[in-house]
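**Q** Shown below is the structure under consideration.
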Amino acid sequence: MSFFGGGVGRAGVRVTGLNEIIASITAMVSESPSTRIRILREVSEVFRRDAVDNAHVITGKTKKSIRVESVTDKQAVISAGFGMPFEEKREGMKLGTPHKTFTQAAKFTAPKIPPIIKKHYDDLLRRHKTR
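Residues 7 to 137, numbered by our numbering, are exactly what the sequence shown covers, in order.
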């Protein structure tokens, strides 16, 4: 933006860069789905690691079955097969680890989500910064 004099008693403002701003906004909008996928991948991996770290082990089958099944720009699916449906219904702890492994992982992961979102959107804004 610049100011200019237009003669006696006149002044004006020249706005430049509008096309660059529109192009930047358009690029950010088009990258938004892939940014959401990166966010959900990172969050789901934090969740999965916590669930694996805190699953109590008898045979190890439940722990080995915890995995990120799918990630889209709308959701991430983390699953566990062997034994997990029963573990989520049980109260208390066994051998120092909670039975409700996914419930505990959700509590652990929840406060980590806002900084992950901020990091990825800050990166998006930085890549499309105009002058």
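Idealized CB from N, CA, C, for every residue including glycine. These numbers come from a predicted model, not from an experiment.
(1) Bridge partners for Ile84 per DSSP, in chain order?
(2) Helix, strand or coil for Val49, going by three-state DSSP, please let me know.
(3) Quick one, are the C-beta atoms of Leu46 and Val83 less than 7 Å apart?
(4) Let's test the definition: count the other Cβ atoms within 10 Å of the Cβ of Ile72 and tell me whether it reaches 16, buried, or not, exposed.
(5) State the DSSP-derived secondary structure class of Thr107, mapped to helix, strand or coil.
(6) Does the stretch 122-131 come close enough to the stretch 59-70 to have 3 or more Cβ pairs within less than 8 Å?
(7) Taking its Cβ as the centre, do 16 or more other Cβ atoms sit within 10 Å of Thr107, making it buried, or is it exposed?
(8) For Thr68, count neighbouring C-beta atoms within 10 Å of its own C-beta (all shown protein chains included) and say buried if the count is 16 or more, exposed if not.
(9) Assuming Thr136 and Ile27 make a contact with CB atoms under 8 Å, what is their CB distance in whole Å?
(10) To the nearest whole angstrom, what separates the beta carbons of Thr32 and Leu130, a pair I think is in contact under 8 Å?
(11) So is Thr115 buried or exposed if we call it buried at 16+ other beta carbons inside 10 Å?
(12) Using a 10 Å radius around the Cβ and a threshold of 16 neighbouring Cβ atoms, would you call Glu93 buried or exposed?
(13) In this structure, how does DSSP classify Asp79 when only helix, strand and coil are distinguished?
**A** Taking the structure as given:
(1) One-based indexing of the sequence shown puts residue 84 at position 78. DSSP output for Ile84 lists Val74 as bridge partner(s).
(2) On the sequence shown, residue 49 is found 43 positions in, with the first residue counted as 1. Val49 falls in the helix class under three-state DSSP.
(3) By 1-based counting over the sequence shown, the position of residue 46 is 40. By 1-based counting over the sequence shown, the position of residue 83 is 77. Not closer than 7 Å, so no.
(4) Locating residue 72 in the sequence shown gives position 66, counting from the first residue. Answer is buried; the Cβ neighbour count reaches 16.
(5) Position 101 of the sequence shown holds residue 107. If DSSP states are grouped into helix, strand and coil, Thr107 belongs with the helices.
(6) no
(7) The residue given as residue 107 occupies position 101 in the sequence shown. With 16 or more Cβ atoms within 10 Å of its Cβ, Thr107 is classed as buried.
(8) Locating residue 68 in the sequence shown gives position 62, counting from the first residue. That one is buried.
(9) Within the sequence shown, numbered from 1, the residue matching residue 136 stands at position 130. Within the sequence shown, numbered from 1, the residue matching residue 27 stands at position 21. Yes, they are in contact, since the Cβ atoms of Thr136 and Ile27 sit about 6 Å apart, within 8 Å.
(10) As a first step, residue 32 must be located in the sequence shown, where it is residue number 26. As a first step, residue 130 must be located in the sequence shown, where it is residue number 124. About 13 Å separates the two Cβ atoms, so there is no contact after all.
(11) Looking up residue 115 in the sequence shown gives position 109. Thr115 should be labelled buried.
(12) Locating residue 93 in the sequence shown gives position 87, counting from the first residue. It counts as buried.
(13) Mapped onto the sequence shown, residue 79 falls at position 73. Coil, per DSSP.
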